[in-house]
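What follows is a short report on a single structure.
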Amino acid sequence: MVSKLLLVLGDQLSMDIASLREGDKVSDVVVMAEVADEASYVQHHPKKIAFIFAAMRKFAKALEQDGWTVAYTKLDDDENSGSIGGELLRRAEEYDAGEVIATEPGEWRLISHLEDLPIPVHQFQNDLFIASHKEFEDWAEGRKALRMEYFYRDMRRKTGLLMDGDKPVGEKWNFDHDNRKPAPDEVTFDGPLKFEPDEIVEDVLDLVETRFDNSFGDLRPFWFATDRGQALEQLNHFIEHGLPKFGDFQDAMLNDNRFLYHGLVSFYMNAGLLSPLEVCEAAAKAYDDGNAPINAVEGFIRQIIGWREYVRGIYFLEGPDYPRRNGLNHQRGLPDFYWGAETKMNCISKAVAQTKEDAYAHHIQRLMVTGNFALLAGINPNEVHEWYLAVYADAYEWVEAPNVVGMSQFADGGIIASKPYVSSGSYINKMSDYCKNCDYSVSKKTGDGACPFNLLYWHFLIRHRDRFDNNPRMAQMYRVFDRMDEERRETVLAEADAFLEKLGKEVV
Ligand code: FAD
Ligand code: DLZ
Ligand code: SF4
Numbered sequence: 015m016v017s018k019l020l021l022v023l024g025d026q027l028s029m030d031i032a033s034l035r036e037g038d039k040v041s042d043v044v045v046m047a048e049v050a051d052e053a054s055y056v057q058h059h060p061k062k063i064a065f066i067f068a069a070m071r072k073f074a075k076a077l078e079q080d081g082w083t084v085a086y087t088k089l090d091d092d093e094n095s096g097s098i099g100g101e102l103l104r105r106a107e108e109y110d111a112g113e114v115i116a117t118e119p120g121e122w123r124l125i126s127h128l129e130d131l132p133i134p135v136h137q138f139q140n141d142l143f144i145a146s147h148k149e150f151e152d153w154a155e156g157r158k159a160l161r162m163e164y165f166y167r168d169m170r171r172k173t174g175l176l177m178d179g180d181k182p183v184g185e186k187w188n189f190d191h192d193n194r195k196p197a198p199d200e201v202t203f204d205g206p207l208k209f210e211p212d213e214i215v216e217d218v219l220d221l222v223e224t225r226f227d228n229s230f231g232d233l234r235p236f237w238f239a240t241d242r243g244q245a246l247e248q249l250n251h252f253i254e255h256g257l258p259k260f261g262d263f264q265d266a267m268l269n270d271n272r273f274l275y276h277g278l279v280s281f282y283m284n285a286g287l288l289s290p291l292e293v294c295e296a297a298a299k300a301y302d303d304g305n306a307p308i309n310a311v312e313g314f315i316r317q318i319i320g321w322r323e324y325v326r327g328i329y330f331l332e333g334p335d336y337p338r339r340n341g342l343n344h345q346r347g348l349p350d351f352y353w354g355a356e357t358k359m360n361c362i363s364k365a366v367a368q369t370k371e372d373a374y375a376h377h378i379q380r381l382m383v384t385g386n387f388a389l390l391a392g393i394n395p396n397e398v399h400e401w402y403l404a405v406y407a408d409a410y411e412w413v414e415a416p417n418v419v420g421m422s423q424f425a426d427g428g429i430i431a432s433k434p435y436v437s438s439g440s441y442i443n444k445m446s447d448y449c450k451n452c453d454y455s456v457s458k459k460t461g462d463g464a465c466p467f468n469l470l471y472w473h474f475l476i477r478h479r480d481r482f483d484n485n486p487r488m489a490q491m492y493r494v495f496d497r498m499d500e501e502r503r504e505t506v507l508a509e510a511d512a513f514l515e516k517l518g519k520e521v522v
């Protein structure tokens, strides 16, 4: 008799995961399953599905080599029941097991699915993260505003990363001020390593090609790392060649370079192949060895022990309704150019094309191009949320929803962002070369060919004046609007209305 089943989900691919630690190699069976329910709760990008399935298959092999018994279900196995719960029940009968040990999933939907099963399932916290739920709750308790910066400092103290005793290295906690350089003329980093698919990956690609051929996104060429060894190679490659300039050009965007100095490690961290602490320790070592400057290393580490941990904390603190919030009551449908239809806006077209090809866009493209447009245009945040969850290979609800619903769409009422991340075309023009290749003119504020971001920016502010008029960080913009002459104000708003009227009806 086997005593327990040990569940390992597709984003828990670490030898150090709680469910394995709680188990016994001799008597327990590890359950892993490729299932239709997980592959279709949104229409995931084919590269995301292929990445997860390939990494799962390789991880299962590594477990077996390490002496574990693994009951692995492939998507096209005849007996596949189609859900995680179904597979656990099937395996419980097969192995005569009476209970399941799981690591808490990163999504409320799956947590309740496990709770509702007619077999005891013990869910242990996922301690691949740096802060536990309790630590985040204690930090949040009694605070009026949950600002990331203060949480981040606690995480620095807790991990000792970039600390000199109880003082921050470099005498400042945050070097963001040095990190906003516009797009460089030349990028000296040649981007992420691209891995040739091996036999396991090729099998998965064939499967995904047959089963998910309607989904948005290009499956091939497939180049992601799919095991820990490859993920470590990518990490080392970035630390050596990309990190030194990561800080300087973190917010920049270029027509002909989609990766700039970004790490492309979120896929691997979020799936469990890399641990956030080892990623940060590698960056800190580059600083100690004199290979990367403080603004780059601090900026990179802040994204991980700061933002990444903080958004997870918010997701679990706020509860299952969080992804469905719509604080600004935005109801417009998501335009079809998010799914690749033609648009004359070069910035959107570039961000979506690269998303379609690589299931990746970097932070500023997600926030200030596709996110900014959706917020300005009043798109229903629920549709925006489902789009982001589907199209990015690093998207799981715990990290995607707070970034989209909270940070980008201000739909959580301002828990994450103290003011909405909106901008006119001038920000995009400053940080990129997109506007040079655009049918619209970023310098035109109204009239034929005026950049839609310029029109919609004012439309958004005026639409939500009641909500933001008293926000001191936005007062200046309302003053600028009020100082325009009346005719100009009316023209801007009327042209923005006319643009919105065309959305979904003609190419804009
Ligand atoms: P780098 O730019 O090299 O940054 C290093 C690491 O910092 C990332 O790998 C990531 O783990 C972490 N990080 C940076 N910013 C954030 C953040 N805001 N939240 C969490 N982690 C962060 N990240 C995801 O992992 N999954 C998502 O689904 C996701 N959705 C997003 C949606 C929107 C609207 C926005 C604005 C951001 C989103 N992010 C998401 C955060 C960020 O865009 C990605 O983590 C980053 O682009 C991943 O690429 P990278 O590894 O090259 O990151
Ligand atoms: C995202 C995903 C996909 C596409 N497929 C699977 C799968 O077949 N089996 C599995 O165990 N996990 C999969 N995942 C990851 C889960 O959806 C993820 O564990 C939850 O969204 C919680 O983060
Ligand atoms: Fe985007 Fe406006 Fe620039 Fe065109 S002009 S790329 S729409 S910001």
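Going by our numbering, 430 is the number at position 416 of the sequence shown; the sequence numbering is gapless.
Idealized CB from N, CA, C, for every residue including glycine.
This structure is a prediction, so every number in the text was calculated from the model and none was measured.
How many angstroms separate the CA atom of residue i from the CA atom of residue j?
i	j	result
Leu-507	Asp-447	27 Å
Leu-381	Tyr-166	21 Å
Leu-221	Leu-257	36 Å
Glu-323	Gln-368	27 Å
Glu-14	Glu-93	Only positions 15 to 522 of the chain appear in this structure, which leaves residue 14 out of reach.
Phe-209	Asp-227	22 Å
Pro-211	Phe-236	7 Å
Asp-270	Glu-149	43 Å
Phe-387	Arg-35	45 Å
Lys-370	Tyr-402	12 Å
Phe-495	His-473	11 Å
Ile-476	Leu-390	11 Å
Gly-99	Leu-128	7 Å
Tyr-275	Phe-230	26 Å
Taking the beta carbon of residue i as the centre, do at least 16 other beta carbons fall within 10 Å, making it buried, or is it exposed?
i	result
His-191	exposed
Asp-262	buried
Gly-463	exposed
Met-70	buried
Pro-132	exposed
Thr-224	exposed
Ala-404	buried
Val-419	buried
Ser-457	exposed
Ala-489	exposed
Tyr-410	buried
Asn-484	exposed
Ser-280	buried
Thr-357	buried
Gly-313	buried
Ala-512	exposed
Lys-519	exposed
Ala-355	exposed
Asn-193	buried
Lys-516	exposed
Tyr-525	Absent from the model: residue 525. The displayed extent of the chain is 15 to 522, so no value can be given.
Gly-392	buried
Ser-41	exposed
Specify the secondary structure class of residue i as computed by DSSP and reduced to three states.
i	result
Arg-242	helix
Tyr-86	strand
Ala-116	strand
Lys-370	helix
Phe-387	helix
Met-498	coil
Asp-271	Before going further, note that residue 271 is Asn rather than Asp in the sequence given. Strand, per DSSP.
Phe-203	coil
Lys-186	coil
His-136	strand
Leu-278	coil
Ser-363	helix
Ser-432	coil
Tell me the DSSP bridge mates of residue i?
i	result
Asp-178	Lys-181
Ala-464	Ser-455
Ile-393	Arg-346
Met-46	Tyr-86
Lys-18	Glu-113
Ser-446	Met-267
For the 8 Å Cβ check, are there 3 or more pairs between the region 235-245 and the region 283-298? yes
Quick one: any contact between the region 429-445 and the region 462-481, if contact means 3 or more CB pairs under 8 Å? yes
With three or more C-beta pairs closer than 8 Å as the rule, is the region 336-354 touching the region 423-437? yes
Is the region 56-72 in contact with the region 105-113, if contact means three or more CB pairs nearer than 8 Å? no
Under 8 Å: do the region 323-334 and the region 189-206 share three or more Cβ pairs, one atom per stretch? no
May I ask you to verify whether the region 22-29 touches the region 179-188, counting CB pairs closer than 8 Å and requiring at least 3? no
Is it a yes or a no for the region 40-59 touching the region 154-161, going by three-plus beta-carbon pairs under 8 Å? no
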